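Engineer: Have a look at the structure that comes next, please.
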Amino acid sequence: MTRSLIVTGADLAPQALELLRDFEIVYAGKTPTEDDLVALCKRHDPVAIIVRYGKLGAAVMDAAPSLRVISKHGSGTDTIDKVAAAARGIEVRAAVGANAAAVAEQALALLLACAKSVVQLNARMHAGHWDKATHKSIELGGRTVGLVGLGAIGRRFARMCDAMGMRVLGFDPFAKDLPDHIEVVDLPTLWRESDAISLHCPLTDDNRQLVNATTLQACKRGVLLVNTARGGLVDEAALLEAVRSGHVAAAGLDSFAVEPMAAGHPFHGEPNIVLSPHIGGVTADAYIHMGVGAAKNVLAVLEQQAA
């Protein structure tokens, strides 16, 4: 009997599908609700779920008695109830590093957009203005960037910043064997000394709203903030106030506390906040890498359990 595998999305890379050719692949669509996933699990009883979109909690797991592995199509597993999975003997795996290049490049793009006022100048040019005589941008070479999180994405971004001549500070209590161009510091030092800060850590209960009114006040006036990690790391109201006051010169954000962002969000229309819709890891190459990584994790767990 063919085993079923549910994808919480509308598609999967052909290279991943080839690896999973012995499974019945069931797609949940681009915006599956918990009820949608429960219904699909009851109908197909999958042995594996590849998570692209939406959250996966206990109700979905309980609807799939044969479920053995939940595999994330990417590196962040905060949308999966890992405690519930562990209690049910279900393994949770992530395609660690599969989208590292894509997300690091997005972080660099947002940092440069903030430092060079790319978005604002583009809008002014299209409106017929020529602001050469009045504009002053920020030169990043020789300045200090602080990275919170030094996994595959953070390390790649650090290499880019080092190549631009920046001093690179890093905080990550779990990181080992770091390259010489990263200077490991504690968080108070990172807040105090950084001209730009970039977030690259997973979201946990301990670091939720890590960037808040208190930590922002500890930063240099005119600091730049980039977040390509998880929106829950940032107190959005505190950030908005800091941007409007000028304490934060600009912020480049690719993730948000609630996604998709609702109409009328306070960030809308803020000229010094550059927004992108959580697409840091969405490239043609990363799509393949994440799909293949997720598929390989499914196969590895099932083979291990069958041994």
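Read in order, the letters of the sequence shown correspond to residues 73 to 379 in the numbering used here.
Glycine included, C-beta positions come from ideal geometry on N, C-alpha and C.
These numbers were taken from a predicted model, which means no experiment stands behind them.
Given this structure, state the Cα-to-Cα distance separating residue 185 from residue 324, to the nearest angstrom.
Structural biologist: If you number the sequence shown from 1, residue 185 lands on position 113. If you number the sequence shown from 1, residue 324 lands on position 252. Between residue 185 and residue 324, the C-alpha separation is close to 8 Å.
Engineer: Mind reading off the beta-carbon distance from residue 129 to residue 156? Whole number of angstroms is fine, and I expect it under 8 Å.
Structural biologist: Residue 129 sits at position 57 when you count from the first residue of the sequence shown. Residue 156 sits at position 84 when you count from the first residue of the sequence shown. At roughly 6 Å, the Cβ-Cβ gap stays under 8 Å, so residue 129 and residue 156 are in contact.
Engineer: Could you pull the start and end residues of the beta strand (DSSP E) that residue 144 belongs to?
Structural biologist: Here residue 144 refers to the residue found at position 72 of the sequence shown. Residue 144 -> beta strand (DSSP E) spans 141 to 144.
Engineer: State the beta-bridge partners of residue 99 as determined by DSSP.
Structural biologist: Taking the sequence shown and counting its residues from 1, the one referred to as residue 99 is at position 27. 79.
Engineer: Is it true that the CB of residue 217 sits closer than 7 Å to the CB of residue 268?
Structural biologist: For this step, residue 268 is matched to residue 196 along the sequence shown. For this step, residue 217 is matched to residue 145 along the sequence shown. Against a cut-off of 7 Å, the Cβ pair of residue 217 and residue 268 comes out as a contact.
Engineer: With C-beta atoms as the reference, is residue 176 less than 7 Å away from residue 225?
Structural biologist: Reading the sequence shown from its first residue, position 104 is the one you call residue 176. Reading the sequence shown from its first residue, position 153 is the one you call residue 225. The answer is yes: Cβ separation under 7 Å.
Engineer: Measuring straight from C-alpha to C-alpha, what distance separates residue 134 and residue 358?
Structural biologist: Walking along the sequence shown from the start, residue 134 turns up at place 62. Walking along the sequence shown from the start, residue 358 turns up at place 286. Each residue's alpha carbon lies about 31 Å from the other.
Engineer: Could you tell me whether the stretch 84 to 99 touches the stretch 359 to 374, using the rule of 3 or more Cβ pairs below 8 Å?
Structural biologist: Enough Cβ pairs lie closer than 8 Å, so yes.
Engineer: Helix, strand or coil, according to DSSP, for residue 346 in the structure here?
Structural biologist: The residue you call residue 346 lines up with position 274 of the sequence shown. Strand, per DSSP.
Engineer: Kindly give me the distance between the Cβ atoms of residue 149 and residue 121, rounded to whole angstroms, as I take these residues to be in contact under 8 Å.
Structural biologist: In the sequence shown, counting from the first residue as 1, residue 149 sits at position 77. In the sequence shown, counting from the first residue as 1, residue 121 sits at position 49. The pair is not a contact, with the Cβ atoms about 12 Å apart (cut-off 8 Å).
Engineer: Cα separation between residue 275 and residue 304?
Structural biologist: As a first step, residue 275 is located in the sequence shown; it is residue number 203 there, counting from the start. As a first step, residue 304 is located in the sequence shown; it is residue number 232 there, counting from the start. Looking at the two C-alpha atoms, the distance is approximately 7 Å.
Engineer: Are the beta-carbon atoms belonging to residue 294 and residue 321 less than 7 Å from one another?
Structural biologist: Translated into positions along the sequence shown, residue 294 becomes position 222. Translated into positions along the sequence shown, residue 321 becomes position 249. Their beta carbons are under 7 Å apart, which means residue 294 touches residue 321 by this criterion.
Engineer: Cα separation between residue 327 and residue 354?
Structural biologist: Numbered from 1 along the sequence shown, position 255 holds the residue referred to as residue 327. Numbered from 1 along the sequence shown, position 282 holds the residue referred to as residue 354. Between residue 327 and residue 354, the C-alpha separation is close to 13 Å.
Engineer: Is the distance from the Cβ of residue 110 to the Cβ of residue 141 below 7 Å?
Structural biologist: Numbered from its first residue, the sequence shown carries residue 110 at position 38. Numbered from its first residue, the sequence shown carries residue 141 at position 69. Cβ atoms of residue 110 and residue 141: not closer than 7 Å.
Engineer: Find the nearest neighbour of residue 265 within the set 215, 73 and 94, judged by alpha-carbon distance.
Structural biologist: Residue numbering aside, residue 265 sits at position 193 when the sequence shown is read from its first letter. Looking at the Cα atoms, 215 is the closest of the given residues.
Engineer: Would DSSP call residue 382 helix, strand or coil?
Structural biologist: The structure shown does not extend to residue 382, since the chain is modelled only from 73 to 379, so the question has no answer here.
Engineer: For residue 283 and residue 307, which I take to be in contact (beta-carbon distance under 8 Å), what is that distance rounded to the nearest angstrom?
Structural biologist: Position 211 of the sequence shown, counted from the first residue, corresponds to residue 283. Position 235 of the sequence shown, counted from the first residue, corresponds to residue 307. With 8 Å as the limit, residue 283 and residue 307 qualify as a contact, their Cβ atoms being about 6 Å apart.
Engineer: One question on the structure: do residue 222 and residue 244 come within less than 7 Å of each other, judged by their Cβ atoms?
Structural biologist: Within the sequence shown, the letter at position 150 stands for residue 222. Within the sequence shown, the letter at position 172 stands for residue 244. A contact, by the Cβ cut-off of 7 Å.
Engineer: Which runs of the alpha helix (DSSP H) fall wholly inside the stretch 294 to 332 and span at least 4 residues, in chain order?
Structural biologist: Listed in chain order, they are 308 to 317.
Engineer: Give the straight-line distance between the Cα atoms of residue 296 and residue 165, rounded to the nearest whole angstrom.
Structural biologist: Taking the first residue of the sequence shown as 1, we reach residue 296 at position 224. Taking the first residue of the sequence shown as 1, we reach residue 165 at position 93. C-alpha separation (whole angstroms): 33 Å.
Engineer: Work out the CA separation of residue 318 and residue 183 for me, nearest whole Å.
Structural biologist: Locating residue 183 in the sequence shown gives position 111, where the first residue counts as 1. Locating residue 318 in the sequence shown gives position 246, where the first residue counts as 1. Roughly 17 Å separates the two Cα atoms.
Engineer: How many whole angstroms separate the CB atoms of residue 123 and residue 97, which I take to be in contact at a CB cut-off of 8 Å?
Structural biologist: Residue mapping note: residue 123 aligns to position 51 of the sequence shown, counting from 1. Residue mapping note: residue 97 aligns to position 25 of the sequence shown, counting from 1. In fact, because the Cβ distance is near 14 Å, the residues do not count as touching under 8 Å.
Engineer: What are the boundary residues of the alpha helix (DSSP H) that residue 180 is part of?
Structural biologist: Position 108 of the sequence shown, counted from the start, is the residue given in the question as residue 180. Where residue 180 is concerned, the enclosing alpha helix (DSSP H) stretches over 172 to 188.
Engineer: Can you tell me whether residue 104 is buried or exposed? The criterion is at least 16 other CB atoms within 10 Å of its CB, across all chains shown.
Structural biologist: Here residue 104 refers to the residue found at position 32 when the sequence shown is read from its first residue. With 16 or more other Cβ atoms within 10 Å, it is buried.
Engineer: Starting from residue 264, trace the beta strand (DSSP E) in both directions and tell me its first and last residue.
Structural biologist: The residue given as residue 264 occupies position 192 in the sequence shown. Not the beta strand (DSSP E): residue 264 falls in the alpha helix (DSSP H), residues 259 to 265.
Engineer: Of the choices 106, 118 and 100, whose alpha-carbon is the least far from that of residue 73?
Structural biologist: Position 1 of the sequence shown, counted from the start, is the residue given in the question as residue 73. Among 106, 118 and 100, the Cα nearest to that of residue 73 belongs to 118.
Engineer: Let me make sure I understand the geometry here. Which of 190, 167, 299 and 82 has the alpha-carbon closest to that of residue 352?
Structural biologist: Mapped onto the sequence shown, residue 352 falls at position 280. The shortest Cα separation from residue 352 among 190, 167, 299 and 82 belongs to 299.
Engineer: By DSSP, does residue 334 sit in helix, in strand, or in coil?
Structural biologist: Counted from its first residue, the sequence shown places residue 334 at position 262. Residue state, collapsed to three classes: coil.
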